[in-house]
Amino acid sequence: MMRVIRLADAPDLTPAWDRFIAGHKHGWFWHTSAWLAYQRAYRAENIDESFAVLGVDGSVIAVAPLVVSKDETGAPEFSFSGSPTPRLLHHPRDGRFGPPGLHGVVEEQRLRVAKTRGVTRGVFAGWAFDGDANQDSPVTLRVIDLAYDEATLWRDVRKSYKALIHRGEERFTVSVADASECGRHFESYERLHRLVYAEPRPEATYRLQHGWLHDGYALVVLALPLGREAVGATYWIVYKGSAYYASGAYAEDNIAHAVVWRSILALKARGIRSAVMGWRGLERTDKERGVTHFKCGFGAADVPVAVSEVTY
50 MMRVIRLADA
60 PDLTPAWDRF
70 IAGHKHGWFW
80 HTSAWLAYQR
90 AYRAENIDES
100 FAVLGVDGSV
110 IAVAPLVVSK
120 DETGAPEFSF
130 SGSPTPRLLH
140 HPRDGRFGPP
150 GLHGVVEEQR
160 LRVAKTRGVT
170 RGVFAGWAFD
180 GDANQDSPVT
190 LRVIDLAYDE
200 ATLWRDVRKS
210 YKALIHRGEE
220 RFTVSVADAS
230 ECGRHFESYE
240 RLHRLVYAEP
250 RPEATYRLQH
260 GWLHDGYALV
270 VLALPLGREA
280 VGATYWIVYK
290 GSAYYASGAY
300 AEDNIAHAVV
310 WRSILALKAR
320 GIRSAVMGWR
330 GLERTDKERG
340 VTHFKCGFGA
350 ADVPVAVSEV
360 TY
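This is the structure:
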């Protein structure tokens, strides 16, 4: 008999939850308790309804991230602050579709939460490395394969970016921070991020990001002109040998291209296998389309991702 338990109701379950994701070939950082904590911190109105399914022996056989957020009209939806909810993960030993009855149990719980919270819509998605998307999917992730040598990576950079990268590299030195030297570097990133964005994120999100950097789940790259504060920075989430471009802050024009390029090389030098630049096909505003256009200029391939929209 399977049993559903909300993660918020059982904090002692958190280590088992994260171990399950770490050991699952399709689990990624978006499934972890760390990212769920970020969702709660990012928007005060977000409600974490994530739950695990336990088997007859009490062990975790599936995890279902589930956050009630609000769309642009203020209506509640299942999403990660507007981004798709990660797919259900079930125990790999149970085959592609899991044990009999699992999906019924999961959908019943989602429906129960939807009724309680007034949710009428949910968006769920796979990830770049789970191989579960139809090749015709309109939603993709831009992924740079870092197995290629630097010359090949450079060849794939958009032609108009190359002069901007060279000019940027003439203006600053690059400093890369990981777990071994996170304190001062993260402070520089945070100061710059707060300076650049008129409405910086809540304080708790910076503290979480600092913790991820300290624990080895992130990389920060700073652009440092001689004798001055950082004028550019990228923050990458790093998990299971892949990285995701999570945040960028740039205080000067035409510096972002060089910072991102040097970030890509820094990730490669550390043995990271792939760099995910972001989603493509989910843009809703001109600003989001502009960000996608910028990210696509560093080469990469479109990896189809399974996305489903569910109504309740």
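If you want the working numbering, it's the 1-based position in the sequence shown plus 49. From the three backbone atoms N, C-alpha and C, an ideal C-beta is built for every residue, glycine too.
Supposed contact pair residue j and residue i - C-beta distance, whole angstroms, cut 8 Å
i	j	result
Ile193	Ile70	The pair is not a contact, with the Cβ atoms about 24 Å apart (cut-off 8 Å).
His73	Leu160	No, His73 and Leu160 are not in contact; Cβ-Cβ is about 25 Å, not under 8 Å.
Ala111	His140	7 Å
Thr169	Tyr293	No, Thr169 and Tyr293 are not in contact; Cβ-Cβ is about 29 Å, not under 8 Å.
Ala298	His242	4 Å
Ala279	Val245	Between Val245 and Ala279 the Cβ distance is about 11 Å, and since that is not below 8 Å, they are no contact.
Val356	Ser132	Not confirmed; about 11 Å, so no contact.
Ala113	Val155	6 Å
Nearest neighbour of residue i, chosen from the options [CA to CA]
i	options	result
Ala163	Gly107, Phe178, Arg204 and Lys119	Lys119
His342	Ala350, Pro353, Val354 and Arg329	Arg329
Tyr266	Ala57, Val308 and Phe78	Phe78
Tyr288	Ala300, Leu262, Pro133 and Arg240	Leu262
Val270	Gly260, Asp264, Arg277 and Gly281	Gly281
Ser99	Tyr210, Trp84, Tyr238 and Ser108	Trp84
Val359	Ser128, Ser82, Gly320 and Pro353	Ser128
Val206	Val154, His306 and Ser357	His306
Gly260	Tyr210, Arg277, Glu239 and Pro274	Glu239
Asp106	Met51, Thr63 and Val117	Met51
Arg204	Gly346, Asp351, Ser108 and Asp58	Gly346
Asp97	Lys208, Leu151 and Asp58	Asp58
Val142	Val109, Asp351 and Gly171	Val is not the amino acid found at residue 142; the sequence shown has Arg there. The shortest Cα separation from Arg142 among Val109, Asp351 and Gly171 belongs to Val109.
Span separating the alpha-carbon of residue i from that of residue j
i	j	result
Ala403	Phe235	It is not possible to answer for residue 403, since the shown part of the chain is limited to 50 through 361.
Leu115	Gly327	21 Å
Thr283	Ile54	37 Å
Ala253	Ala93	11 Å
Val188	Thr134	14 Å
Ala324	Leu195	7 Å
Tyr255	Ala295	13 Å
Gly104	Tyr197	43 Å
Thr165	Glu157	12 Å
Ser130	Tyr91	8 Å
Asp61	Cys231	29 Å
Arg319	Phe173	32 Å
Pro148	Arg136	16 Å
Ser82	Ala65	10 Å
Arg285	Arg322	The sequence shown places Trp at residue 285, rather than the Arg named in the question. Taking the straight line joining both Cα atoms gives about 14 Å.
Lys336	Gly348	20 Å
Glu86	Arg233	The question names Glu, but residue 86 is Ala in the sequence shown. Approximately 24 Å, taken between the alpha carbons.
Leu275	Arg89	38 Å
Ala315	Val225	7 Å
Val309	Val223	11 Å
Tyr210	Lys344	11 Å
Ala247	Asp302	17 Å
Arg220	Arg277	11 Å
Beta-bridge pairing of residue i - partner residues as DSSP gives them
i	result
Lys119	Pro125
Phe173	Thr134 and Ser357
Ser291	Tyr288 and Ser323
Arg191	Gly327 and Asp351
Phe100	Arg55 and Ala113
Gly18	An answer regarding residue 18 cannot be provided, because it is not within the stretch 50 to 361 covered by the chain.
His139	Ala111
Ala267	Ile286
Thr222	Leu273
As assigned by DSSP and simplified to three states, the class of residue i
i	result
Phe178	coil
Gly297	strand
Leu56	helix
Arg338	helix
Ile286	strand
Val168	coil
His73	coil
Ile110	strand
Val206	coil
Val105	coil
Ser312	helix
Ser82	helix
Asp198	coil
Gly260	helix
Gly153	helix
Arg68	helix
Ser237	helix
Ile214	helix
Asp61	helix
Ala247	coil
CB contact below 9 Å: residue i versus chain C
i	result
Val162	In the displayed structure, chain C is absent; only one protein chain is listed.
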